[in-house]
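Visitor:
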Amino acid sequence: MSFVPRGLQLSSIYEVAAPSQDASSTSSSPQPQIIIPKRKKRDELSILKALDHTVKMNPRTAHYMYHDDPFMLPVQINNRRNYAAAKSAGRKAAQHVAKTYPQFLEVNPFSSWFDLQPVLKAFTPQVQFLHSSDTVDGLRERIDSRACESAYINYQLLNEKGEEIPNDVKLALFDLLCCYNSEDPKKSMYPEEKYIFHEGLSKEQKSEVMRRVFVKTWKDKGPAEEIFAATEKPSHRMYNSLLRGRVKYHQVEMAYKLYLEMKERNIRIDGPSYTAVLSIDSSLSEPGKWKEVLQHMSDSGVKPTVRSFNAILKSIVQNKVRHGSNGGVMDFLEIFDEMKILGIEPTLASWLSFLQYIGWDDYSNLRHEILDSLQGKDFTMQDPDDAEFFFSMMFLSNVRYKDMSFAYKVHNLMMHGQNYLLLGSSNSHGLYFINFLRLILTHEPLGTFMKYWDELVPFTVTPRRVLLDELLECIEINESYDVLLRIWADVKDTILSMDSALSKYIAVMNSIPTEQLLETHLDILSEVTMKFQNEQSNRFRPFRLNGQTVGNIIHILLKVNDEKQAWDLFTMYYQSRSSITGFPGEDALAGLAQLSIRDNNFTRLKQTLGLMNTVCYASVDGLINEAYEKMELSDGQSHELRTL
278 MSFVPRGLQL SSIYEVAAPS QDASSTSSSP QPQIIIPKRK KRDELSILKA
328 LDHTVKMNPR TAHYMYHDDP FMLPVQINNR RNYAAAKSAG RKAAQHVAKT
378 YPQFLEVNPF SSWFDLQPVL KAFTPQVQFL HSSDTVDGLR ERIDSRACES
428 AYINYQLLNE KGEEIPNDVK LALFDLLCCY NSEDPKKSMY PEEKYIFHEG
478 LSKEQKSEVM RRVFVKTWKD KGPAEEIFAA TEKPSHRMYN SLLRGRVKYH
528 QVEMAYKLYL EMKERNIRID GPSYTAVLSI DSSLSEPGKW KEVLQHMSDS
578 GVKPTVRSFN AILKSIVQNK VRHGSNGGVM DFLEIFDEMK ILGIEPTLAS
628 WLSFLQYIGW DDYSNLRHEI LDSLQGKDFT MQDPDDAEFF FSMMFLSNVR
678 YKDMSFAYKV HNLMMHGQNY LLLGSSNSHG LYFINFLRLI LTHEPLGTFM
728 KYWDELVPFT VTPRRVLLDE LLECIEINES YDVLLRIWAD VKDTILSMDS
778 ALSKYIAVMN SIPTEQLLET HLDILSEVTM KFQNEQSNRF RPFRLNGQTV
828 GNIIHILLKV NDEKQAWDLF TMYYQSRSSI TGFPGEDALA GLAQLSIRDN
878 NFTRLKQTLG LMNTVCYASV DGLINEAYEK MELSDGQSHE LRTL
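Next up, the structure:
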C-alpha cells in the first residue's frame, strides 16, 4: 500500500511518460522510465539542522542568555547586570558543590531510565589522579587532564630516575606546555561575567584591557623552552608547536626567527603554523613579510585556508593603523582573486578587514557594492572575527560614514536567515542596536524611529544615556510631545536610574505648550515626586533629584494649577537642599513667590526669595517691591525683606 501526501504529484519526483489516449498504440508505446533521485547524505544532526532553519530572529525578545525564566526578563541595564551576576554565581556554586562532594555525582541516579551520554569531562567532578607522579602512566594521566604544572613535575621525576619516556608521551607533553605556556589552564570568565566586567569599565580602562591582550607573556626560559633545548633532534612537530606557542603569547620576534630557521633547514611547516606567522606580520619590527610567507607556502605545497587569508587581510589593516603603510586596495583584490582560484569563499571577517581598510578613504560606492553582493547570503562562524562584522559595520555607519543606506544594508544582511547568530557577545549585541537606532534618529523622521523603537525596546536593547538624550532633544525640536508617554511606558525604570535622562525628560515635559496635553503627563510627575519622597533618605540607594529638575516639576504643576503638590515638593526640596545639587529655575521660584504674595504667606515668600537671592535671579527686586505693595507686612518683616 503506497501513500502519497495530498497535493504532491508523482511527476515532481519521477519523470513518467504520459500515457497515450489511443488504446491500439499502448503496446507500441515505450515503457515509463522511472528515474530515482540521488540519495542525500544525512548525519546525526540533519534533523536538528532542518529544524534550526525554521527559526528566525525575533527582535521583540531578549538576548538568549536571559531566557531561563520568561517572567523575569530584565528590561533595564541594572536588572541585566544583576541577572547576569546571579546566573554566573549559580554556575560557580554548582562547580563548588561538584568539587566538594564529587562522590555524589559519580553515579547516575537515573540509570534505570536512561544513560547520560556522551559524558563531558568538563562537567564531571574532578577526581584525584589514580597513578603516582613518578610513573609514565601518571604522566599520561596528567597530560589528559591538562594539568601542565603537575605533568612537568612528573616529567622531571622520571628524568631523575633515568626512566625512558615514550616519544608520543613526550610530544604530547610538549604540545600541552606550548599551548598553555607551561601553566595550568586558567578558567575563562563566563559570558555573563564578561558582560558585567565590560559594563563597569571606563574608556581608559577598556583601552588598558585591550593593550594587555597584546603584551608578551611567553616564558622565554620556561619548561617548554627547556624541553626543546634539551632535545637532541627536535621533530618538525616540536618546531611547529613551539612556533605556535610563541605566537599565541606574543613573543613575535622569536617566533619569526624560529620560522626563518625552519625555512632555512627545510623543516616541514604545517598550515596552522603558517597562519600563525601570517597573523603577527603587523607586530614585527619590519612588517610586510606576508607575501614571502605566502610564496613559501606555495613552494612547500601547503594550501592556505580561509583563516590564513583572513590573517593576511587583518595584518594589512593593522599595518596601515600602526605603521601608516599604504599597501593599496590592489593587495586586497589580489588576495580575493587568490581565494577565488583556490575555491575559498571569503567569510565575514574577510569583508570586515576590507571595509575597515577602505573606511579611511572615500570608497562609498565600493562599500555599497560589497554589501549589495552579500545580500541574501547565509553565513556561519568560520573565524572568530566573523562575530565582529555586524557590530563594527554598524559602528562605522554611525560614527564615520553617517550613511543610513549603508546601515540598512548591514541590518538587512544581519536579519537574513540566521546571520543574527554572528552578532557576537551580549555587549556587542546591545551596542549594534544602539548605533543603529542613533543613526535612524539622526537621518530619518521620528515616526520611522519609533517604528524600530517599538520593535527593539525594551527587551532586545536597553537605551543608553546618549540615545535617550538625543531622542528627547529630537522630540523637543519636533514638538512631538505625544511620544513622551510611550517612552516612559517602555523605559521608565531606566530613566529613573539616570539623573541626566530624568532631568532632560522633565525639561522636555516643561516645554509642552498646552495645559490639556500637560494634564496627560501628571501621573508621571506624581510617580517621580512619590519616589523622591519615599527614597531620598534610603541608606543604600537614595533617589535624588537635582534642583533644576525640582524646579521644572514645580513649574509644570503651577501651569496646571496644582498648587498643593507644587508646595509639597518645594517643602521636601527646601528641607533637603543641603544634600541636593543645584537650584530650581527662576520661573518656578518666581511663581511660588507670587502665590505667597497672593496668600499673604510671609514664611513661604521668605524661603523662595532667599533661594532666588542666593542664585542672583534678576526678578528678586521686582517681587520684593510687589510684596511691599500687596502684602500686609510688619516692621520686622519689612526689615527682613530689605536685608535681602
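In this note's numbering, each residue's number is its place in the sequence shown (first place is 1) plus 277. We put the CB at the ideal spot given by N, CA and C, even for glycine. Because the structure is a prediction, the values reported are computed rather than measured.
Among the residues of its own chain, which have a CB less than 6 Å from the CB of arginine 419, if the five just before and after it don't count?
Guide: Ser427, Ala428, Asn431
Visitor: Measuring CA to CA, which of Ser512, Pro623, Asp547, Val594 is closest to leucine 571?
Guide: Asp547
Visitor: As an exercise, report each continuous alpha helix (DSSP H) stretch of at least 4 residues that is fully enclosed by the segment 542-567, in chain order.
Guide: 548-556
Visitor: Take glutamate 753 and list the residues in its own chain whose beta-carbon comes closer than 6 Å to its own, dropping the five residues that flank it on each side.
Guide: Around glutamate 753, the same chain offers Val785, Ser788 as residues with beta carbons nearer than 6 Å, after the five sequence neighbours per side are excluded.
Visitor: Alpha carbon to alpha carbon, what distance is there between arginine 821 and arginine 881?
Guide: About 23 Å.
Visitor: Which word fits proline 351, buried or exposed, when buried means at least 16 other C-beta atoms lie within 10 angstroms of its C-beta?
Guide: buried
Visitor: For valine 897, is the classification buried or exposed, using 16 other Cβ atoms within 10 angstroms of its Cβ as the cut-off for buried?
Guide: When all chains shown are included, valine 897 counts as buried.
Visitor: Give me the Cα-Cα distance between asparagine 878 and valine 768, rounded to the nearest whole angstrom.
Guide: 41 Å
Visitor: Can you find a C-beta in chain E that's less than 7 Å from the C-beta of methionine 616?
Guide: In the structure shown, chain E does not exist; there is a single protein chain.
Visitor: Below 8 Å on the Cβ atoms is my contact criterion, and I expect arginine 677 with glycine 636 to pass it. Report the Cβ-Cβ distance as a whole number of Å.
Guide: 6 Å
Visitor: Tell me which residue opens and which closes the alpha helix (DSSP H) that phenylalanine 860 is part of.
Guide: That residue, phenylalanine 860, is in no alpha helix (DSSP H); it is neither H nor E in DSSP.
Visitor: Valine 837 to threonine 791, Cα distance in whole Å?
Guide: 9 Å
Visitor: If you scan the segment 665-751 from start to end, which runs of the alpha helix (DSSP H) of 4 or more residues do you find wholly inside it?
Guide: 666-673, 681-692, 703-720, 723-733
Visitor: Look at the alpha carbon of alanine 664 and the alpha carbon of aspartate 411, and state the distance between them as a whole number of angstroms.
Guide: 45 Å
Visitor: Can you tell me whether serine 459 is buried or exposed? The criterion is at least 16 other CB atoms within 10 Å of its CB, across all chains shown.
Guide: With a 10 Å radius around the Cβ and a threshold of 16 neighbouring Cβ atoms, serine 459 comes out buried.
Visitor: So which of Lys534, Arg542, Phe586 has the shortest CA-CA distance to leucine 555?
Guide: Phe586
Visitor: Using the three-state DSSP reduction, which class does asparagine 902 fall into: helix, strand or coil?
Guide: It is helical.
Visitor: Between Asn823, Cys751, Ser814, which lies nearest to serine 780 when the distance is taken from Cα to Cα?
Guide: Asn823
Visitor: Here's the rule: buried if 16 or more other CB atoms are within 10 angstroms of the residue's CB, otherwise exposed. What is asparagine 444?
Guide: Label assigned to asparagine 444: exposed.
Visitor: So, for aspartate 452: in the same chain, excluding its five sequence neighbours on each side, which residues have a beta-carbon less than 6 Å away from its beta-carbon?
Guide: Ser518
Visitor: Classify aspartate 649 as helix, strand or coil using the three-state DSSP reduction.
Guide: helix
Visitor: Under a Cβ-count criterion, where at least 16 other Cβ atoms within 10 Å of its own Cβ denotes burial, should methionine 775 be classed as buried or exposed?
Guide: buried
Visitor: Compute the distance between the beta-carbons of histidine 832 and aspartate 864, then report whether it is under 7 Å.
Guide: Yes, Cβ-Cβ distance for histidine 832 and aspartate 864 is below 7 Å.
Visitor: Which residues in the same chain as histidine 330 place their Cβ atom closer than 8 Å to its Cβ, once the five residues preceding and following it in sequence are excluded?
Guide: Contacts found: Gly694, Gln695.
Visitor: I'd like the list of long-range same chain contacts for alanine 778, defined as Cβ closer than 8 Å, with 5 residues on each side in sequence excluded.
Guide: Excluding positions up to five away in sequence, the list reads Arg742, Leu745, Asp746, Leu749, Thr771, Ile772.
Visitor: Please go through the same chain and pick out, in chain order, the residues whose beta-carbon is closer than 6 Å to the beta-carbon of glycine 828, but skip the five residues on each side of it.
Guide: Pro861, Gly862, Ala865
Visitor: Evaluate alanine 904 with the Cβ neighbour count: other Cβ atoms within 10 Å of its Cβ, from every protein chain shown; 16 or more gives buried, anything less gives exposed.
Guide: Alanine 904 is classed as buried because its beta carbon has at least 16 other beta carbons within 10 Å across all chains shown.
Visitor: Rounding to the nearest angstrom, what Cα-Cα distance links methionine 681 and glutamine 659 in this structure?
Guide: 29 Å
Visitor: Near glutamate 909, which residues of its chain fall below 8 Å by C-beta distance, leaving aside the five closest residues on each side in sequence?
Guide: Around glutamate 909, the same chain offers Asn877 as residues with beta carbons nearer than 8 Å, after the five sequence neighbours per side are excluded.
Visitor: Hey, out of Glu470, Glu569, Ser560, Asn436, whose CA is closest to threonine 508's CA?
Guide: Asn436
Visitor: Kindly indicate the opening and closing residues of the alpha helix (DSSP H) around tryptophan 765.
Guide: 760-773
Visitor: Count the other C-beta atoms from every protein chain shown that fall within 10 angstroms of the C-beta of alanine 895, then say buried if there are 16 or more, exposed otherwise.
Guide: Alanine 895 is exposed by the Cβ-count criterion.
Visitor: Going by alpha carbons, who is nearest to methionine 670 out of Lys654, Thr719, Tyr536, Phe713?
Guide: Phe713
Visitor: Along the chain, where does the alpha helix (DSSP H) that runs through histidine 832 open and close?
Guide: 824-836
Visitor: Work out the CA separation of leucine 835 and lysine 907 for me, nearest whole Å.
Guide: 21 Å
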